[in-house]
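Under our numbering, residue 1850 is the last one in the sequence shown; the count climbs by one each step, no gaps. This report refers to the structure that appears directly beneath it.
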Amino acid sequence: MNVKNESGALFHGVGINNGCVSGKLKFFQRGRTGVEIIADMPSAGVPDVERARLERALTQLRGRLSELYRRTLADVGEQEAQIFEIHAMLLEDEDFTESLEREIANGCRAELAVQNTAQQYAALLKGLDDPYLSARAADLSDLSEQLCDLLNGTERRVQEKGGEPYILVAEDLAPSETVSLDKSEILGFVTFGGTPNSHTSILARAMGIPALVGVGEIAPRFDGCLALLNAADGSLTVCPNESQVRAFQIKQREENELAKEHERYLRSLINKPAITRGGHKMLIYANVGEAHEIEPALLNGAEGIGLLRSEFLYLSMDRYPTEEELFESYRDIVRKMQGKRIVIRTLDIGADKQIPYFDLPREENPALGFRGVRICLAREALFKTQLRAILRASAHGSISLMVPMIVSVEEVHRCRRLLDECCAELQNENIRFDPNLEFGIMLETPAAAIMSEELAAEVDFFSVGTNDLTQYTLAADRQNPQVAEICEENREPVLRLIAQAADAIHRHDGWIGICGELAAELQLTQRFADMRIDELSVSVPYLLGVREKVTACK
1297 MNVKNESGAL FHGVGINNGC VSGKLKFFQR GRTGVEIIAD MPSAGVPDVE
1347 RARLERALTQ LRGRLSELYR RTLADVGEQE AQIFEIHAML LEDEDFTESL
1397 EREIANGCRA ELAVQNTAQQ YAALLKGLDD PYLSARAADL SDLSEQLCDL
1447 LNGTERRVQE KGGEPYILVA EDLAPSETVS LDKSEILGFV TFGGTPNSHT
1497 SILARAMGIP ALVGVGEIAP RFDGCLALLN AADGSLTVCP NESQVRAFQI
1547 KQREENELAK EHERYLRSLI NKPAITRGGH KMLIYANVGE AHEIEPALLN
1597 GAEGIGLLRS EFLYLSMDRY PTEEELFESY RDIVRKMQGK RIVIRTLDIG
1647 ADKQIPYFDL PREENPALGF RGVRICLARE ALFKTQLRAI LRASAHGSIS
1697 LMVPMIVSVE EVHRCRRLLD ECCAELQNEN IRFDPNLEFG IMLETPAAAI
1747 MSEELAAEVD FFSVGTNDLT QYTLAADRQN PQVAEICEEN REPVLRLIAQ
1797 AADAIHRHDG WIGICGELAA ELQLTQRFAD MRIDELSVSV PYLLGVREKV
1847 TACK
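Take a look at the structure:
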């Protein structure tokens, strides 16, 4: 809704983040998208030709989504990065792919098959009486637009580089567009449509971008006009008068000063230990996926790396990396960490992380299938190549090794046996390694939590992967929007399993960390302090906030 007055126009929407920003409006014009180009094309196509075109576009889009996942993981956070995992899974949805095939078999061009299928499924989602599910229709539209753009060689660009920062105005923004926004050039954004539950809103919230969604249409004549965006009260004032500008500037200065004061306080905590008021010390570590994330982690006070996702090199190549390539990669990260501990998770491929050259079988339920340590124990040569590389890197700094997806003591014994074999081989070859390398496991299955007493006797530490532990405990796929709320609202069973594991590992003089999403949930920090959790490992943007919260705990 907008209200005309003598100063211009006042618009109201739902604010995302707090923050007051002022600047000129710049309207986002997509130009002719791949979907719109369909109108100028013949609708009929040769099925074999269209299938080949579609498969090429799907392959390209999978690569793009993988890159968006990695970038979002590094710059925003794990929970937000999962948006693009969900998109990737939508592409593999059996109903979705079968619908595409039917359309092409009936003689449709690939573009029209994509458009028809996406519209059909988006209509179903919009018709559901559930705000979260309805918001997923935008994800389908985003995917169909990207697919059609790839089929036609067109490209969407939200921002033009250079020039003064501005407030972006758009009919709507797709998640892929939102995460690509350059925060140095954009003050905030406003969308005609959208909801606070949309993935675009979730990303904006995590990125700290002031935004308004659902404001209704804004006339293009306001392009280039000065505007005042107040995300706190959900208002946008276009063409403000002098008194409105002065009042806004006062409020803006007050908010900026408060934000700077808080930032100064957070920065003052960087070199101080995170100790609760009750005297319990918690190490604040970073989750890292690639080497370029090390510097921002250190600048934000990371005391170590609690989760190094070692599969990054496998994901970036079209073949198995060699031992030497793995070693050099790990060694470089160890050196950059300057003696601080790095917990390397061994290869965690499968489920939502597929690599073509691994040639993994298609599974009905990959989250419960051939993944993580199961692949490594079935392919011992692959596993030993990585273990040798990690051991060699341990001679250059502080490394701890952990294995994912453990469900039994027997699996730990098998991993230990292979690790001992690698140690013996390196010793015979006169290659240096740390003989006291810590060995731990990811605690991410209910089986491991239930067996925590027995497992604690076999390992040096536990690292809790709360994402998988939550979905397995609650029997709810965290990437399925229809049951996502179950994972959000039923944490008590998961917390009790973590507490049980913490007691067990402490009885055996080991330590326990949390590297899943719950580590960054500030409302749970006190609970973790009560459990005597030793380490919290979070994405870089959350490091300072978690450190501050720990110091405020009892």
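Note that CB positions come from ideal geometry on N, CA and C, so glycine has one too.
Asked, Found
"Euclidean distance between Cα positions of Gln1356 and Thr1572", "48 Å"
"contact_flag[the region 1528 to 1538, the region 1307 to 1314] where n(CB pairs < 8 Å) is 3 or more", "yes"
"Residue nearest to Phe1518 in terms of C-alpha spacing, selected from Leu1622, Ala1502, Pro1506, Cys1535", "Cys1535"
"C-beta atoms of Gly1812 and Asn1763 nearer than 7 Å", "yes"
"Nearest-angstrom Cβ-Cβ length linking Ser1833 and Gly1809, presumed shorter than 8 Å", "6 Å"
"Neighbour-count burial assignment, Gly1330, 16 or more Cβ in a 10 Å radius", "With a pLDDT of 49 at Gly1330, under the threshold of 50, the modelled position of that residue is not reliable, and no figure is offered here."
"Per DSSP, the bridge partner or partners of Thr1533", "Leu1306, Leu1524"
"The region 1380 to 1400 / the region 1432 to 1445 touching (three or more Cβ pairs under 8 Å)", "yes"
"Boundaries (first-last residue) of the beta strand (DSSP E) holding Glu1831", "1831 to 1834"
"Cβ-based burial, Pro1789 [other Cβ within 10 Å; buried from 16]", "exposed"
"Nearest-angstrom Cα separation, counted from Arg1667 out to Pro1657", "11 Å"
"Cβ neighbours of Pro1592 in the same chain (closer than 6 Å, five flanking residues each side left out)", "Val1836"
"Span of the beta strand (DSSP E), counted from its first residue to its last, around Gly1490", "Neither: Gly1490 is in no beta strand (DSSP E) and is coded neither H nor E."
"Given 8 Å, three or more beta-carbon pairs between the region 1800 to 1807 and the region 1756 to 1771", "yes"
"Supposed contact pair Glu1619 and Arg1684 - C-beta distance, whole angstroms, cut 8 Å", "5 Å"
"Proximal residues to Leu1354 (C-beta, below 8 Å), its chain only, five neighbours per side dropped", "Leu1387, Leu1443"
"Segment contact, 8 Å Cβ cut-off, at least three pairs: the region 1475 to 1492 with the region 1502 to 1515", "yes"
"Lys1845 classed as buried or exposed, judged by whether at least 16 other C-beta atoms fall within 10 angstroms", "buried"
"First through last residue of the alpha helix (DSSP H) which encompasses Asn1583", "Here Asn1583 belongs to no alpha helix (DSSP H); instead the beta strand (DSSP E) covers 1579 to 1584."
"Extent of the continuous alpha helix (DSSP H) to which Ile1671 belongs", "1669 to 1674"
"Neighbourhood of Arg1627 by C-beta, 7 Å cutoff - its chain only, sequence neighbours within 5 removed", "Ala1689, His1692"
"Arg1828 versus Ala1798 - alpha carbon distance", "7 Å"
"Phe1729 in three-state terms, based on DSSP", "coil"
"Spatial distance of Glu1734 from Ile1640 (CA atoms)", "10 Å"
"Under the three-state DSSP convention, the category Phe1666 falls into", "coil"
"Coil, strand or helix - Tyr1462 by DSSP", "strand"
"Collapsed DSSP secondary structure at Gly1736 in the structure displayed", "strand"
"Arg1405: CB within 6 Å of a non-hydrogen atom of the ligand COA", "Only the bare structure without any ligand can be found here, which leaves the ligand COA out of the picture."
"Which of helix, strand or coil DSSP assigns to Leu1477", "coil"
"Nearest-angstrom Cβ-Cβ length linking Val1705 and Glu1676, presumed shorter than 8 Å", "At roughly 19 Å, the Cβ-Cβ gap does not stay under 8 Å, so Val1705 and Glu1676 are not in contact."
"Entirely enclosed beta strand (DSSP E) segments - the region 1578 to 1652, minimum 3 residues", "1579 to 1584, 1601 to 1605, 1638 to 1641"
"Test item: CB-CB of Ile1737 and Ile1794 under 7 Å", "no"
"Nearest-angstrom beta carbon gap, Arg1631 and Ser1696 [assumed within contact, 8 Å]", "With a Cβ gap of about 17 Å, Ser1696 and Arg1631 do not count as contacting."
"Straight-line gap, Gly1423 to Asp1468 (C-alpha atoms, nearest Å)", "19 Å"
"Whole-angstrom distance between Asp1655 and Glu1721, CA atom to CA atom", "29 Å"
"The region 1359 to 1369 touching the region 1461 to 1481, judged by at least three CB pairs closer than 8 Å", "yes"
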